[in-house]
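First to last, the sequence lines map onto chains A and B.
Note that the working numbering gives residue 17 to position 17 of the first sequence, counting from 1, and the numbers run on in steps of one.
For the working numbering, count along the second sequence from 1 and bump the result up by 376.
Backbone N, C-alpha and C define an ideal beta-carbon position, used for all residues, glycine too.
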Amino acid sequence: MHKDLEEFQEKLPLKLLDEIEALAPASKLKKVAKKVLEEYEAARIDAGEAVGLISAESIGEPGTQMTLNTFHYAGVAEMNVTMGLPRIIEILDGRKSISTPSMEIFLKSPYNKGEKIREAALQIKETKLGDVVSEYGMNIVDLKIELKFSAERIKELGLTPAAIGKVIEKPLASDAQVKVEGDGLTLRLKEKEEGRGLNALYRLKEKCKEVYVSGIKGVRQVLPVKRKDEYLIITFGSNLKKLFELDFVDTTRTTTNDIHEISEVLGVEAARQAIIDEVFRVIETQGLDVDIRHIMLVADTMTASGEIKGITRYGVVSEKASVLARASFETPIKHVINAALKGEVDTLNSVVENVMLNQTVPVGTGLPSLVSKKEK
Amino acid sequence: MTEVYMNGKYVGTVDNPKDFVAKVKQDRRSGAVSTEVNVYYDDVAGQIFVESSRGRSRRPLIVVRDGMPQLTDRHVKQLQKGELSWSDLVAQGIIEFLDAAEEENALVAFSDQEITPEHTHLEISPLAMLGVVTGLIPYADYIQSARLIIGSRNLKQSIGMYATNYPLRMDMDVNLLHYPQMPLVSTVMHELSDYDAHPAGQNIVVAIMSFKGYNMEDAVIINKGSIERGFGRSTYYKPAVTEELRYSGGLMDTIGMPDKDVKGYKSERDYRLLEDDGIVHPEAKVKEEDVIIGKTSPPRFLSNLEEYSLASNIRRESSVSLRHGEEGVVDFVCITENEEGNKLVQVRLRDQRVPEIGDKFVSRHGQKGVVGLIVPQANMPFTASGIVPDLLFSPHGIPSRMTISHLIELVAGKTAALSGRIVDGTIFGGEPEERIRAELAALGFSERGTETMYNGVTGEMLEAKIYVGNMYYLKLKHMVANKIHSRARGPIQLLTRQPTEGRAKEGGLRLGEMEKDTFVAHGASLLLKERFDSDKTVVPVCEGCGVIAIHDTLKDKRYCPICGENVEISDIEMSYAFKLILDEFKSLGIYPKLQLKSKY
Numbered sequence: 001m002h003k004d005l006e007e008f009q010e011k012l013p014l015k016l017l018d019e020i021e022a023l024a025p026a027s028k029l030k031k032v033a034k035k036v037l038e039e040y041e042a043a044r045i046d047a048g049e050a051v052g053l054i055s056a057e058s059i060g061e062p063g064t065q066m067t068l069n070t071f072h073y074a075g076v077a078e079m080n081v082t083m084g085l086p087r088i089i090e091i092l093d094g095r096k097s098i099s100t101p102s103m104e105i106f107l108k109s110p111y112n113k114g115e116k117i118r119e120a121a122l123q124i125k126e127t128k129l130g131d132v133v134s135e136y137g138m139n140i141v142d143l144k145i146e147l148k149f150s151a152e153r154i155k156e157l158g159l160t161p162a163a164i165g166k167v168i169e170k171p172l173a174s175d176a177q178v179k180v181e182g183d184g185l186t187l188r189l190k191e192k193e194e195g196r197g198l199n200a201l202y203r204l205k206e207k208c209k210e211v212y213v214s215g216i217k218g219v220r221q222v223l224p225v226k227r228k229d230e231y232l233i234i235t236f237g238s239n240l241k242k243l244f245e246l247d248f249v250d251t252t253r254t255t256t257n258d259i260h261e262i263s264e265v266l267g268v269e270a271a272r273q274a275i276i277d278e279v280f281r282v283i284e285t286q287g288l289d290v291d292i293r294h295i296m297l298v299a300d301t302m303t304a305s306g307e308i309k310g311i312t313r314y315g316v317v318s319e320k321a322s323v324l325a326r327a328s329f330e331t332p333i334k335h336v337i338n339a340a341l342k343g344e345v346d347t348l349n350s351v352v353e354n355v356m357l358n359q360t361v362p363v364g365t366g367l368p369s370l371v372s373k374k375e376k
Numbered sequence: 377m378t379e380v381y382m383n384g385k386y387v388g389t390v391d392n393p394k395d396f397v398a399k400v401k402q403d404r405r406s407g408a409v410s411t412e413v414n415v416y417y418d419d420v421a422g423q424i425f426v427e428s429s430r431g432r433s434r435r436p437l438i439v440v441r442d443g444m445p446q447l448t449d450r451h452v453k454q455l456q457k458g459e460l461s462w463s464d465l466v467a468q469g470i471i472e473f474l475d476a477a478e479e480e481n482a483l484v485a486f487s488d489q490e491i492t493p494e495h496t497h498l499e500i501s502p503l504a505m506l507g508v509v510t511g512l513i514p515y516a517d518y519i520q521s522a523r524l525i526i527g528s529r530n531l532k533q534s535i536g537m538y539a540t541n542y543p544l545r546m547d548m549d550v551n552l553l554h555y556p557q558m559p560l561v562s563t564v565m566h567e568l569s570d571y572d573a574h575p576a577g578q579n580i581v582v583a584i585m586s587f588k589g590y591n592m593e594d595a596v597i598i599n600k601g602s603i604e605r606g607f608g609r610s611t612y613y614k615p616a617v618t619e620e621l622r623y624s625g626g627l628m629d630t631i632g633m634p635d636k637d638v639k640g641y642k643s644e645r646d647y648r649l650l651e652d653d654g655i656v657h658p659e660a661k662v663k664e665e666d667v668i669i670g671k672t673s674p675p676r677f678l679s680n681l682e683e684y685s686l687a688s689n690i691r692r693e694s695s696v697s698l699r700h701g702e703e704g705v706v707d708f709v710c711i712t713e714n715e716e717g718n719k720l721v722q723v724r725l726r727d728q729r730v731p732e733i734g735d736k737f738v739s740r741h742g743q744k745g746v747v748g749l750i751v752p753q754a755n756m757p758f759t760a761s762g763i764v765p766d767l768l769f770s771p772h773g774i775p776s777r778m779t780i781s782h783l784i785e786l787v788a789g790k791t792a793a794l795s796g797r798i799v800d801g802t803i804f805g806g807e808p809e810e811r812i813r814a815e816l817a818a819l820g821f822s823e824r825g826t827e828t829m830y831n832g833v834t835g836e837m838l839e840a841k842i843y844v845g846n847m848y849y850l851k852l853k854h855m856v857a858n859k860i861h862s863r864a865r866g867p868i869q870l871l872t873r874q875p876t877e878g879r880a881k882e883g884g885l886r887l888g889e890m891e892k893d894t895f896v897a898h899g900a901s902l903l904l905k906e907r908f909d910s911d912k913t914v915v916p917v918c919e920g921c922g923v924i925a926i927h928d929t930l931k932d933k934r935y936c937p938i939c940g941e942n943v944e945i946s947d948i949e950m951s952y953a954f955k956l957i958l959d960e961f962k963s964l965g966i967y968p969k970l971q972l973k974s975k976y
């Protein structure tokens with residue numbers, strides 16, 4: 001770092017200092033930095049500003065105008081993903097399982113130019129045994145099923161009957177013996193004390209249809225789309241961890257809308273950004289104008305503990321230090337009784353508690369106090 | 377196989393649904409089945425619903441068979457002569473009532489010209505599609521149906537001559553319009569419903585123009601001269617009722633002048649209007665707090681010794697008096713007894729209501745508005761011929777609501793007033809607008825209904841031609857006098873020591889949760905505290921155990937119920953609601969210990 005900038009090191013963020021160094025002429029560095037510092041101080045929010053409440057109001061008020069119905073674009077190849085208020089609620093509640101998980105997969109060259117995109121898509125999509133089998137031959141006498149494969153489908157997926165046999169052997173181990181026979185497979189019902197018979201055979205037939213063969217588990221649908229100059233794949237169903245194992249996926253840009261998955265695979269910081277992006281996108285599509293910093297604050301509170309906490313009585317509210325503040329949100333009796341059992345102390349440091357006691361709340365004009373020395 | 381349901385319950389199946397439905401209808405028309413039965417055949421679901429239950433709205437239609445309406449000229453002549461009645465037509469199956477479900481299976485012709493062999497019914501009159509109140513709206517075929525419904529809802533709230541025997545009735549909470557008129561633009565429904573026996577509005581001159589911004593957002597401006605001439609003047613009747621109740625032990629209330637030693641005795645001034653029987657005399661002017669009917673009741677609980685010994689003297693005051701902000705004149709006093717034989721006293725108060733700012737007025741087209749300004753006649757705009765409008769209506773109320781009938785009524789009313797006749801504005805059959813305009817032109821006015829007007833204050837000519845005419849306006853029962861409310865100091869609730877709620881209890885206006893948030897967001901911490909100071913209390917708190925201590929005012933001593941007297945006790949200021957929650961915690965078996973420390 002330039003020595004002229006050293007005195008600003010503590011006062012300005014590193015990113016700004018780097019920018020100043022890169023853009024300003026070396027001789028005027030100090031002058032520029034001084035001016036920047038002035039602006040930076042002026043733009044900073046004042047101490048005692050109720051930022052959380054202002055954020056809540058700034059998101060909540062436009063939220064009342066949000067339409068519940070999602071827009072559908074006729075003829076556009078997009079999948080029906082939850083948007084609007086239900087989606088915002090879903091994100092801010094920090095739900096573990098979301099209603100429409102979906103991934104946006106960016107591909108490495110040459111796939112992103114549209115070449116071999118079909119193969120890529122097929123590799124991503126979860127294939128079950130039922131998808132590749134063309135004929136089920138029920139052998140009632142020997143209690144076995146003879147599976148015939150659709151040659152076309154297997155070829156596309158780059159599979160062979162032998163390979164399939166290997167994959168399905170384990171999940172079916174308790175019910176049947178798998179044997180490769182020419183172009184097909186044979187499932188021979190295992191000897192069992194109970195349930196050996198026609199019924200068991202039919203049950204096996206239904207069960208084997210659902211057995212995983214290839215692709216990524218959980219991805220139920222794939223849809224290649226062209227966005228600007230490149231092709232990408234949108235999926236219904238999400239499994240980022242397994243997807244990243246594929247070498248043609250551009251892991252730097254690929255995302256999912258499942259925030260918990262992002263947190264698991266990419267870390268909380270990524271999850272924080274994902275919350276901001278997802279919420280902001282919904283607000284944008286609704287034609288509302290909410291400053292992104294309000295959403296950032298919400299995302300920060302949700303992720304500050306290192307894992308995702310929803311804005312619910314089980315999430316961030318349960319983290320509040322004040323018993324009275326927690327009790328004033330939801331299920332007051334539960335909070336009060338638990339606090340009594342533990343002998344909790346409420347230090348009355350925040351807003352709600354002080355409103356209850358009718359004391360000045362520690363924001364704005366209630367924050368400063370006069371300090372004087374008493375003469376003895 | 378079609379399932380048959382009778383009043384929603386499954387009763388069986390039929391093989392030939394069409395024949396079955398036709399048979400039921402035939403039987404109904406011939407009189408074999410009650411005329412109140414309706415059938416509905418759902419051919420998609422394969423279900424037949426037969427309904428005879430109560431609560432279905434049904435409407436009459438003329439039966440059409442093979443393209444021929446069953447009602448003939450012969451019937452009409454007989455009706456005119458009085459040889460035939462409506463119920464005869466229904467009994468003969470010439471007219472039948474359909475409910476909403478059976479209407480789905482019917483094809484109703486609007487007029488007899490358009491009848492085809494497929495039609496099953498013919499509309500008696502387009503007016504029959506509407507109810508009685510909606511039928512009162514003129515030119516209803518020139519208005520959105522939604523507005524029509526709003527209009528009819530407003531009509532139901534209008535003040536008029538509700539009953540001609542009103543002086544003899546003890547009605548609760550009624551209004552009476554002083555000079556009601558028949559509308560200049562009327563409909564057939566006015567005749568049918570005997571509207572001249574109970575009219576509810578007045579014909580006034582309306583100009584559609586803005587005026588100094590006092591008629592924006594649906595407000596209207598009223599000419600003070602018109603009010604002085606009686607426009608919108610009404611009387612509000614309010615009863616005061618009480619009875620001598622009997623209590624256990626042979627005790628009972630007594631209506632009469634309360635003795636001075638009665639518990640809760642008001643000041644002598646409050647009883648000044650009562651006569652010897654303890655009831656106000658008619659035509660007495662009463663104001664708030666004045667007692668109307670004097671009454672005493674036996675004590676509620678016999679608790680202390682004193683009450684046992686002097687049981688007769690410690691009766692409780694329970695008079696009926698006027699509430700805060702009320703006034704009026706005693707109109708009628710009625711002394712009678714109720715079903716149980718108790719003495720019942722009813723007093724009817726009367727209060728003249730002259731239109732004031734905030735009173736609600738409406739035309740018949742759902743164009744309601746509140747009075748925004750009352751302008752002296754001299755300052756009102758006037759036309760070249762010297763006509764001064766009674767009411768100014770803002771033009772901004774028209775485009776979004778599309779109440780064209782409002783505009784047509786204005787010209788039609790103008791033509792009616794000038795030609796001295798009543799214009800018929802019945803739905804789908806009113807006098808055509810062109811004819812009215814032509815007649816207006818023949819009377820020497822612009823056929824567009826507009827006139828040159830002059831500023832009442834400066835005398836300058838208004839640049840725009842103003843659309844003026846006559847309209848029927850109604851005063852609605854929502855008047856500010858019944859709703860106005862404010863409070864600075866006042867009563868508080870016993871439990872929470874917070875202000876009471878609602879106008880009747882002279883309550884405060886709540887600064888709620890979200891309003892509180894705006895104070896916090898502005899950082900107006902001290903202002904917020906001050907606003908919530910309404911239940912402020914100072915409580916002595918023991919510093920030893922942190923529980924609320926006792927201050928004995930008699931001995932001027934403080935002590936803690938747990939730690940005793942030798943402990944530091946400090947006065948702490950807090951909201952009474954918080955003191956209350958501490959008490960509730962204690963009742964739950966939770967020990968809320970207050971740890972005190974100096975604020976500074």
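Among the options, nearest to residue i - alpha-carbon criterion
{"i": "His741 of chain B", "options": "B:Tyr647, B:Tyr518, B:Leu460 and B:Ala576", "result": "B:Tyr518"}
{"i": "Val845 of chain B", "options": "B:Phe821, B:Val747 and B:Leu838", "result": "As written in the sequence, residue 845 of chain B is Gly, which differs from the Val given in the question. Among B:Phe821, B:Val747 and B:Leu838, the Cα nearest to that of Gly845 of chain B belongs to B:Phe821."}
{"i": "Gly745 of chain B", "options": "B:Val751, B:Lys736, B:Pro752 and B:Gln753", "result": "B:Lys736"}
{"i": "Ser795 of chain B", "options": "B:Glu810, B:Glu815, B:Arg777 and B:Pro808", "result": "B:Glu815"}
{"i": "Thr444 of chain A", "options": "A:Tyr111, A:Ser109, A:Ile89 and A:Thr82", "result": "Any answer about residue 444 of chain A is impossible in this case: the structure gives chain A only from 1 up to 376."}
{"i": "Phe769 of chain B", "options": "B:Leu783, B:Gly762 and B:Thr759", "result": "B:Leu783"}
{"i": "Asn591 of chain B", "options": "B:Tyr843, B:Asp488 and B:Pro771", "result": "B:Pro771"}
{"i": "Leu92 of chain A", "options": "A:Gly310, A:Asp229 and A:Arg153", "result": "A:Gly310"}
{"i": "Ser428 of chain B", "options": "B:Val387, B:Lys453, B:Asn383 and B:Ser463", "result": "B:Asn383"}
Beta-carbon contacts of residue i that lie in its chain and below 8 Å, excluding the five residues immediately before and after
{"i": "Ile424 of chain B", "result": "Thr378, Glu379, Val380, Tyr381, Val390, Pro393, Phe396, Val397, Val415, Tyr416, Tyr417 and Asp418"}
{"i": "Gly899 of chain B", "result": "none"}
Residue-level contact to chain B via CB, residue i, 7 Å cutoff
{"i": "Gly75 of chain A", "result": "Residue confidence is low: Gly75 of chain A scores 49 on pLDDT, short of 50, so the model does not pin down where it sits. No coordinate-derived value is stated."}
{"i": "Ala50 of chain A", "result": "yes"}
{"i": "Asn349 of chain A", "result": "no"}
{"i": "Val290 of chain A", "result": "no"}
7 Å Cβ shell around residue i - same chain, five flanking residues per side excluded
{"i": "Gly75 of chain A", "result": "The predicted position of Gly75 of chain A is uncertain, since its pLDDT is 49 and thus under 50; no value can be drawn from it."}
{"i": "Lys190 of chain A", "result": "Asp175, Ala176 and Gln177"}
{"i": "Gly343 of chain A", "result": "none"}
{"i": "Tyr623 of chain B", "result": "Pro674"}
{"i": "Gly632 of chain B", "result": "Asp653, Gly654 and Gly670"}
{"i": "Ser927 of chain B", "result": "The sequence as given places His at residue 927 of chain B; Ser does not occur at that position. The residues are Pro916 and Arg934."}
C-beta neighbour in chain A for residue i, strict 7 Å
{"i": "Phe908 of chain B", "result": "yes"}
{"i": "Lys905 of chain B", "result": "yes"}
Integer Cβ distance of residue i from residue j, believed to fall under 8 Å
{"i": "Phe961 of chain B", "j": "Asn358 of chain A", "result": "17 Å between Cβ atoms; not a contact."}
{"i": "Met103 of chain A", "j": "Thr235 of chain A", "result": "4 Å"}
{"i": "Thr492 of chain B", "j": "Gly536 of chain B", "result": "Not really, about 44 Å apart at Cβ, beyond 8 Å."}
Neighbourhood of residue i by C-beta distance below 6 Å, restricted to the same chain and skipping five residues each side
{"i": "Ser369 of chain A", "result": "none"}
Practice task
Inspect the CB distances between the region 691–703 of chain B and the region 635–655 of chain B and report whether three or more fall short of 8 Å.
Solution key: Contact between the region 691–703 of chain B and the region 635–655 of chain B is present, because at least three Cβ pairs lie under 8 Å.
Exercise for the section: Say whether the region 551–569 of chain B touches the region 797–805 of chain B, bearing in mind that this needs 3 or more beta-carbon pairs closer than 8 Å, one atom from each stretch. Expected result: Taking 8 Å as the limit for Cβ pairs, the verdict is that the region 797–805 of chain B does touch the region 551–569 of chain B.
Handout entry: Cβ pair count under 8 Å reaching 3, the region 824–837 of chain B against the region 524–533 of chain B
Key = The region 824–837 of chain B makes no contact with the region 524–533 of chain B: fewer than 3 CB pairs, one atom from each, lie closer than 8 Å.
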